[in-house]
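**Q** Residue numbers (the working numbering), protein chains in the order written: chain U, 4 to 363; chain D, 4 to 363; chain P, 13 to 336; chain Z, 13 to 336.
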Amino acid sequence: MHTVDTPGRITASPTSAPDAPLLPVLKPDEKHAMLRKMVLIRRFEEKSEQAYQKQQIRGFCHVYTGQEAIAVGTESVINRDDAVITAYRDHGHALARGMCPKACMAELLGKATGCSKGKGGSMHFFDKKKHFYGGHGIVGGQTPLGLGIAFAQKYTNSNRLTLCYLGDGAINQGVFHESLNIAALWKIPVIYIIENNLYAMGTSVARSSAGDPLVKRADGYDMAGIVANGMDIDDVRIKTAEAVNLARTESLPSLMEIRAYRYRGHSMTDPRKYRTREEEEQQRARDPIEIYKQRLLDENVINEKDYEDMEAGVASEVQEAYDFAVNSPDPEIEEVFDDIFAPETQIDEIERRPKWSYGD
Amino acid sequence: MHTVDTPGRITASPTSAPDAPLLPVLKPDEKHAMLRKMVLIRRFEEKSEQAYQKQQIRGFCHVYTGQEAIAVGTESVINRDDAVITAYRDHGHALARGMCPKACMAELLGKATGCSKGKGGSMHFFDKKKHFYGGHGIVGGQTPLGLGIAFAQKYTNSNRLTLCYLGDGAINQGVFHESLNIAALWKIPVIYIIENNLYAMGTSVARSSAGDPLVKRADGYDMAGIVANGMDIDDVRIKTAEAVNLARTESLPSLMEIRAYRYRGHSMTDPRKYRTREEEEQQRARDPIEIYKQRLLDENVINEKDYEDMEAGVASEVQEAYDFAVNSPDPEIEEVFDDIFAPETQIDEIERRPKWSYGD
Amino acid sequence: MPIISLRTALNQAIAEEMERDENVFLLGEEVAEYNGAYKVSEGLLDKFGPKRVIDTPISEGAFTGLAVGAATYGLRPIVEYMTWSFSLVAFDQIINNAGQVRYMAGGQFEVPLVLRGNSGGGLRVGATHSHTPENWYANIPALTVITPAFPDDAKGLLKSAIRSNNPIIFIENEILYNYKDEVPEGEHLTPIGKARIRREGKDITFIANSASTHRALEAAETLAKSGIDAEVVDLRTIKPLDFDLIAESVRRTNHVVIVEENKPFAGWGAQVAYMIQRHLFDELDAPVIRVASLDAPQPYNAKLEDYLLPSADRVVKAAKEVLA
Amino acid sequence: MPIISLRTALNQAIAEEMERDENVFLLGEEVAEYNGAYKVSEGLLDKFGPKRVIDTPISEGAFTGLAVGAATYGLRPIVEYMTWSFSLVAFDQIINNAGQVRYMAGGQFEVPLVLRGNSGGGLRVGATHSHTPENWYANIPALTVITPAFPDDAKGLLKSAIRSNNPIIFIENEILYNYKDEVPEGEHLTPIGKARIRREGKDITFIANSASTHRALEAAETLAKSGIDAEVVDLRTIKPLDFDLIAESVRRTNHVVIVEENKPFAGWGAQVAYMIQRHLFDELDAPVIRVASLDAPQPYNAKLEDYLLPSADRVVKAAKEVLA
Ligand SMILES: Cc1ncc(C[n+]2csc(CCOP(=O)(O)OP(=O)(O)O)c2C)c(N)n1
Ligand SMILES: Cc1ncc(C[n+]2csc(CCOP(=O)(O)OP(=O)(O)O)c2C)c(N)n1
Ligand SMILES: [Mg+2]
Ligand SMILES: [Mg+2]
C-alpha cells in the first residue's frame, strides 16, 4: 500500500479520502484540544529556549518547534495505553502524550521533580504511567526498543501498538533496518514514523540519504510505506489512521514519513548557516498551527476570542511550569547512586559492598 | 534497472540478452579454464572435509561446494587488479581469484606457509598481491570494508571496482544497509553480491528475511538490483557484466542476488536436520559443474577425454596442495607477537617496552 | 546428586524458569529449530513452542534492543548470543540501552534481562571469534557480570539471573559445556555476587573465573606435589566483586596470583589486583601477579593459541615467583 | 611561541598533514559544510575540497569500516566521531576490523588510520553521551590509544598519529578544546608512547591523562600550599604505556595517586596500579589510590555530575591519605 507514485510527490493513498471510515469525525472540543496541544508545545519550547539562554538548561536541548502537528496528530489516533518512544527531540511527544508540563520543564532544569528526576535531561524524558518510553539520545538507538515494546504488547495479547519516532538522519543507522526486517518478518505492531524535517543537524536529506521518498526503504521488507504532510494535522491523522488500522487489525508494522520543517537550529548552538532565511520563511508560511487555527475558524469551531483565551491559558500554564521548575530542588548529591538497580523481588538483594570501593 | 518483475521470479533484464555487447564471447580455452576452476574448488573442498575429519583443520570450516559458479562466474568478468572481499566461506573465492591452492590448504592447516601465515585459518584467507581482501568471520562485517576499498579505488581514479560477497543471512546486519546507502549516495564502484544459498546455518531465507527477492532492498537506495541463477555460470556472467558496466562506466554500485544451494552443512558439524534429503537431491540435480560441463561437451569445446584429463590434473593439484600443507611447518611460537603492528616509515618506531609486561 | 554437563545444567535452568514464569522467553540465532548452535537450548522449542523459543535473523543489535524494550514493558527475555564475540555489533544496545535506561528514567523502569552465550579461546576460531568481554561489560555501572565455571553454579546462577529484576551479562565458556559434575536436584539457586573457594589452601590464593578456574585448580594440584598449598577462589560473579571472600583468603595466604583469560591491559584482573593492594596493602608479602592471555590477537594456529592463553604452567611459574 | 587553543592545534595538525600527503582525508558527521560540530575541522572543506573533507550520513559503523577498508588499500583516513560515545555503534568495526585485520592476514596489510573525536563528562549531556572509552580500546592488542591534555601535545601527537602506519585511537576532550597554550610553530611532532612530567615534585606522583591531568595539576597547586610537593605525570598515550617514566618517578616519590575519568571497574588506572605494584612493589610506601568517576551512570543534573566526576578535591584527599 505504498502511497507515493512519483518519488517525492506526496499523494493521498486510496483509502485516505477525508471521509476515511478509519477515522471517526472529531467533536469540536476535540479539535479545540488538538489545537491547544500544538500551541502548548510551541510556547513550551519558546520558554525552553529562554531558559537555555539563561543557562538554566544545560547540555543539549533540541526543540520541536514547527513539527507540532506530527506529535499531536499521530497521538490523536492512538489510545492512552498504546506506547510511544522517540529520540532526543522529545518535548513535543511528551506533551502530546499528556505528560505534565511542570515535570517536563523541571526535567529540563535537572530538578528532582523532573519526569526523570533530573537524571535524564532534555534528551531523556520518561513517563511509565503514560506509557512514554523516552527520550533517547543515541540516533536510531530507540528503534529496536520500540520493536521490543510492540513485541511485548503482542506477546501479552494486549492489542496495543507502539509509535516509534525517528529523524530523517536516523534512518541511516543500521539497527533501524534490522528492526524493520524483524517487525515485518514477525508481524510486530510497531509504527515507525520518520519525522522528515529536511535536516539532520546541518545535513540535508539529499546529502544523507539515497532514495526518495524515504519510505521506499519499507518496500524491501514488504512493509507498508506511508507519506504524510506534517504541516497539516488532518493529513497526519488520516495517514496515521491507516497504519494504526494495519497494526490493530492485522498486527502489521508500517513505515511512515511525515514531512515537516525544523524551524529552529538543531540545538541551541546552531547558527543555521546551511540554509537560507528565505527557505525558512517559505516553510514557516505553511505553519501547522496557523493552518489548523484557520481551519477551525472557518469551520466556526472557534472564534478569535476563543483562540486568544486559549493562548492566554497556555501562556499561564507554561509560566507555571517554568516557575515550578525554577522553585524545585536539585536532587540530593547522594541520589547519584539511586536508580541504578531495581530492587529484587524474586531473589535476595545482590550484595554490592560499597566499603570495598572500586575506586576512590 | 531492477531486473525482477513478479517478486521471486527471475527474469532477464533488457540488456542481458545472451548477445549482450557487455560480454565478449569466450574463447574455448577460457571456457575450459572456467570449468576447471569450478572443478578445482569442488575437489579442494572435498579434501578440506577429509582434512577436517582427520582434525588437521580445526575450528570452523565452511565449504563452498555447490556455489562454484558464483565465484568463478563473477570473477571471470572483472580484472585481475579489481578487488574481491567476502565472508568466512572464502575458499572458493580465493581459488577463483587465482590464489595458490598450496597456500590455501596450508592456511587451513594453520601452517606458516599459509596465505595468512596460519594466523587466519579457514575464515580468514588473505592475499594482498591478488587484491583479495579476505576472508571475514563476522557476518556482514566485510560489507563496509568492501565499500572502503571501492572508495579508495575511486579516490585514486583507478577505474577499478570491488566485488563484495555476503550471504543471504548477512543482509540482516545493519552495517550492510548503512553501506548500501553510502555506496549509492556517493556513487562508489562496489558490487554487493548476495550469495543466496537458501540458508543461514539452519535458518531458511523465509525465516530470516522479509521481502522477496532480497535485491528489492536496493530499491530504497535507488540502486540497481540484479538477480542471477547461480547454477548457470553463463547467467552469472551476463548479469554480473551489467553490474560491472555500471561500476566501470558510471561508478555506480549494484546489489546482486545470485541464487545457488549450499550442498553441505553450514560447517563441518552440521547434521542438516532442517532440510530434507529430497530437497538436497533436487538441488544437486541442477549442478553448476554438470550443467556447464554438458554445455561445453555440446558445444564441442571439450570431449569426455579432455574432461577426464582435467579431473586428473585437478586431483593431483589438490593432492600436491594437501601434501605441501601437511609437510609445512607450524609458525614458531614467538611469531605470536609478529604481524600486530606495521613497521613505521614516517615516524620513529613506537616503543612498546615488553620488559614492563601488562600481565604475566 | 545427579552428574550432568554444564550444558545440561544451563538447559535445565532455562527450562525450569520458563516453566515457572510465562513472561520468560528465549531468543537468538538458531536457538529454536536447530536446538542451539551449541545445543544449550536443546528441546526447548518442543517444550515451549515458537512463541517463547524464537529464532532470530542475524541482527544482534536489533534483537538485543528488542529484548531491552520488552523487558521495560514487563517481560523477562533471555537473549542468546551464538558467542559473546558477536555481541560487539550490539555493544551500543547493551551499554546505552540495557545499561543506562533505568537510570536515565530516574528509576521508573525495570530491565529484567539476561544476555548469555559462550566466549573465550581454545576453539581455534581466530581473532574475531575469541573475545572475553567481561571486563568491558563490568566497566558499566548498571551491569552485573556472571562467569560460571562449574555445572552447579551455572545452573544456580542462571536461575538467579533470570529471576533478577536487573540486566545480567551471563558469560559461558564453550570448552566447559561438556564438563560434568554434580548438580543438586530441584530448586537450586546460587546467589549472585558471591565467590566460592573451590580448593582450600594456606600458602597462596589463586583468583580466577570460568575456564581459568580450572587452569588454577590444575596448577594447584601440580604445586601440591612440591608442597605448595594453593587456595583457589572462583569468583563466579565478576561484578559485583565478592571482595569479602577475597580479603578473607588473602589475609590467610598473603600471596596472590590472578588467572584470567582477558587480554591483559585493563582486564578484570587489574581491577582485582588494584583493590587488593588498595585495601589489603599490609597483608601482601609479594606483588600480585596476573596470568592473563598474551597481549596479541588470537591466532588460528593451535600451538600459537595455546601459547597465548593462560595455562596451568604459567600459573605455577607465577606462584613460585610470588612465593620466592 | 604562538599561543593557540587545543581546538586550533588539532585543526592545524590535520591541515598540515593533508597538505603534506594527499592520501590523507577526513570524514565524519558535519566535518565539512558545518565545519565540525565542535569546529575542529573549521575551514578544511574550503582548503581541501569535498573529495578530501567528507560529510557522512549518521552511519558510524559503515564509515568506520569504510575507513578501515580504504586504509588497507593504501589511503590514510582520519575519522571524526562527533563524540567517542557514538563509536559504540561502530565497536565491532573498530575492534574486529581495525584491530584484527592485519594480524589475521599474517601482516600483509597496513591499516594507517586515525579514529578521533572528543569524549568525557562535564557537558551535562547525560548517560549515553559521556563515555570515556580509552580502557576498552586499550584492551585490544593492536590498538594504540592517545589522550592529549595540552595544545602542543594535541598537535604533535595528532600529526604523529596521522603519519603512523597503524590504527590509532585518538581521544580528545571537549572541555579542553578552548584551552590555550604555547604550541611550537612549524613541523612539530610528538612521539607516541611517551608520557610527560607536567609538574615536577618529590613527595608523590600523580598519574593522569586528558582532562584529569588538569585536575591533578590543580590538586598539586593546592597541596603545595600545605607543603606537599606533587609530581604530575601526563600519560598522553595510554597504550603503549610509558612505564619507564612512571617507574622513574615512582622510584623518587614512592607514593602514587592515579587520576582518571573512566568508571572505576577495570579502568585504565587499574592497569597502571597493577603494573606499579607488580614491577615496583618495594618502591611503594603506601597503596596506590585511584581517583576515578564514581561507579554510576552519568546524571544530567550538574551537581550530581560534578560529584560523580574525579575532582581536584578528591585528588587532594587521596594524596593526603597516601602520604598519611
Ligand atoms: C549514533 C549517533 N551518532 C551521532 C549522534 C549526534 N547527533 C545527534 S542528533 C543528530 C542529527 C539527527 O538528525 P535527525 O535524525 O534528522 O533528527 P532531527 O534532529 O532532525 O530531529 C546527530 C548526528 C548521536 N546522537 N548518535
Ligand atoms: C555478527 C555475527 N553473528 C553471528 C555469527 C555466527 N554465524 C556465522 S555464519 C552464520 C550464518 C550466515 O549465513 P549466510 O549469511 O546465509 O552465509 P552462508 O553461511 O550461507 O554462506 C552465523 C549466524 C557471526 N559470525 N557473526
Ligand atoms: Mg531531521
Ligand atoms: Mg546462506
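We treat Cβ as the ideally placed atom computed from N, Cα and C, and that holds for glycine.
May I ask whether a heavy atom of ligand 5 can be found less than 8 Å away from the beta carbon of G55/P?
**A** Looking at this structure, you won't find ligand 5 anywhere; what it does contain is ligand 1, ligand 2, ligand 3 and ligand 4.
**Q** Please list the partners that K122/U has in chain P, where partner means a Cβ-to-Cβ separation under 9 Å.
**A** Neighbours of K122/U on chain P, chain order: Y115, M116, A117, G118 and G119.
**Q** Let me see if you follow: with CB-CB separation under 9 Å, is L135/P close to chain D or not?
**A** It does: the Cβ of L135/P has a partner Cβ on chain D nearer than 9 Å.
**Q** Less than 8 Å separating the Cβ of H226/P from some heavy atom of ligand 1?
**A** No, ligand 1 has no heavy atom inside 8 Å of this Cβ.
**Q** Around the Cβ of A209/D, are there at least 16 other Cβ atoms within 10 angstroms (buried) or fewer (exposed)?
**A** Result: exposed.
**Q** Below 8 Å on the Cβ atoms is my contact criterion, and I expect Q70/D with A263/D to pass it. Report the Cβ-Cβ distance as a whole number of Å.
**A** Sure, about 5 Å apart at Cβ, within 8 Å.
**Q** Report the residue ranges of all alpha helix (DSSP H) runs contained in full by the region 145 to 194 of chain Z; include only those spanning at least 4 residues, in chain order.
**A** List check, alpha helix (DSSP H) in window: 146 to 150 and 163 to 175.
**Q** Verify the contact flag: R278/D, CB atom, against every heavy atom of ligand 4, threshold strictly below 8 Å.
**A** R278/D Cβ: outside cutoff for every heavy atom of ligand 4.
**Q** Is the Cβ-Cβ distance between L43/D and L98/D less than 9 Å?
**A** Yes, Cβ-Cβ distance for L43/D and L98/D is below 9 Å.
**Q** To the nearest angstrom, report how far apart K40/U and R240/U are at their CA atoms.
**A** Cα-Cα distance, rounded: 15 Å.
**Q** Using a Cβ-based criterion (distance less than 8 Å to any ligand heavy atom), does G172/D qualify as near ligand 4?
**A** Yes.
**Q** Quick one: what does DSSP say F121/Z is sitting in, helix, strand or coil?
**A** If DSSP states are grouped into helix, strand and coil, F121/Z belongs with coil.
**Q** Kindly list, in the order they appear in chain D, the residues whose Cβ is closer than 8 Å to that of I288/Z.
**A** Within chain D, no residue comes near I288/Z; the closest Cβ sits about 10 Å away, beyond 8 Å.
**Q** Report yes or no: do the region 81 to 90 of chain D and the region 301 to 316 of chain D share at least 3 C-beta pairs separated by less than 8 Å?
**A** No: the two stretches stay apart, fewer than three of their Cβ pairs being nearer than 8 Å.
**Q** Where does N227/D fall in DSSP's three states?
**A** A quick correction: the sequence has Ala, not Asn, at residue 227/D. Looking at A227/D - three-state DSSP - the assignment turns out to be strand.
**Q** Could you give the C-beta distance for N109/P and G77/P, rounded to a whole number, given that I count them as a contact under 8 Å?
**A** Confirmed, about 6 Å.
**Q** Under 8 Å Cβ-Cβ, which residues of chain U neighbour R163/D?
**A** Those within 8 Å of R163/D in chain U number zero; the least Cβ separation is about 22 Å.
**Q** Between which residues of its own chain and D193/P is the CB-CB distance below 6 Å, once the five residues before and five after are set aside?
**A** Closer than 6 Å at the Cβ level, and outside the excluded window around D193/P, lie F162 and P163.
**Q** The region 338 to 363 of chain U: which residues have C-beta closer than 8 Å to a C-beta of chain Z, in chain order?
**A** Those would be E338, V339, F340, I343, S360, Y361, G362 and D363, in chain order.
**Q** Nearest by alpha-carbon distance to I141/D: which of E146/Z, L125/Z, M116/Z and L135/Z is it?
**A** Among E146/Z, L125/Z, M116/Z and L135/Z, the Cα nearest to that of I141/D is on M116/Z.
**Q** Using a Cβ-Cβ distance cut-off of 9 Å, determine whether T140/Z contacts chain P.
**A** Chain P, which has a Cβ nearer than 9 Å to the Cβ of T140/Z, makes this yes.
**Q** For I152/U, would you say it is in contact with chain P, using Cβ-to-Cβ distances shorter than 9 Å as the test?
**A** Output row for I152/U: interface = yes.
**Q** Measure from the alpha carbon of V262/Z to the alpha carbon of each residue in N190/Z, A25/Z, F293/Z and K51/Z, then state which is nearest.
**A** Of the listed residues, the one whose Cα sits closest to V262/Z is F293/Z.
**Q** Roughly how far, in whole angstroms, is the beta-carbon of V271/P from the beta-carbon of R227/P, given that I think they are within contact range, below 8 Å?
**A** That pair is a contact at about 6 Å.
**Q** Is N108/Z helix, strand or coil by DSSP?
**A** If DSSP states are grouped into helix, strand and coil, N108/Z belongs with the helices.
**Q** Please work out which residues of its chain come closer than 7 Å, Cβ to Cβ, to A308/Z, disregarding the five sequence neighbours upstream and downstream, and give them in chain order.
**A** Hits under 7 Å: L320.
**Q** Work out the CA separation of E323/U and S17/Z for me, nearest whole Å.
**A** Using only the alpha carbons, I get a separation of about 43 Å.
**Q** Would you say the beta carbon of A207/Z is closer than 8 Å to some non-hydrogen atom of ligand 3?
**A** A207/Z Cβ: outside cutoff for every heavy atom of ligand 3.
**Q** Quick one: does Y442/U have its CB under 9 Å from some CB of chain Z?
**A** Nothing in the structure corresponds to residue 442/U, since chain U is present only between 4 and 363.
**Q** Nearer than 8 Å: is that true of the beta carbon of E72/P relative to any heavy atom of ligand 2?
**A** True, at least one ligand heavy atom lies under 8 Å from that Cβ.
**Q** May I ask which residues mark the beginning and end of the alpha helix (DSSP H) holding P104/U?
**A** That run of the alpha helix (DSSP H) goes P104 to L111.
**Q** Where A115/U and S142/Z are concerned, what is the direct C-alpha to C-alpha distance, given to the nearest angstrom?
**A** Cα-Cα distance, rounded: 21 Å.
**Q** In chain D, which residues lie with their C-beta within 7 Å of the C-beta of E320/U?
**A** What E320/U touches in chain D: nothing, since even the nearest Cβ is about 42 Å away.
**Q** What are the start and end residues of the beta strand (DSSP E) that includes L38/D?
**A** First-last for L38/D: P31 to Q56, but that is the alpha helix (DSSP H), not the beta strand (DSSP E).
**Q** Over the uninterrupted beta strand (DSSP E) stretch that includes V244/Z, give me the two end residues.
**A** Residues A242 to D246.
**Q** Between which two residues does the beta strand (DSSP E) carrying I294/U extend?
**A** Not the beta strand (DSSP E): I294/U falls in the alpha helix (DSSP H), residues P291 to D301.
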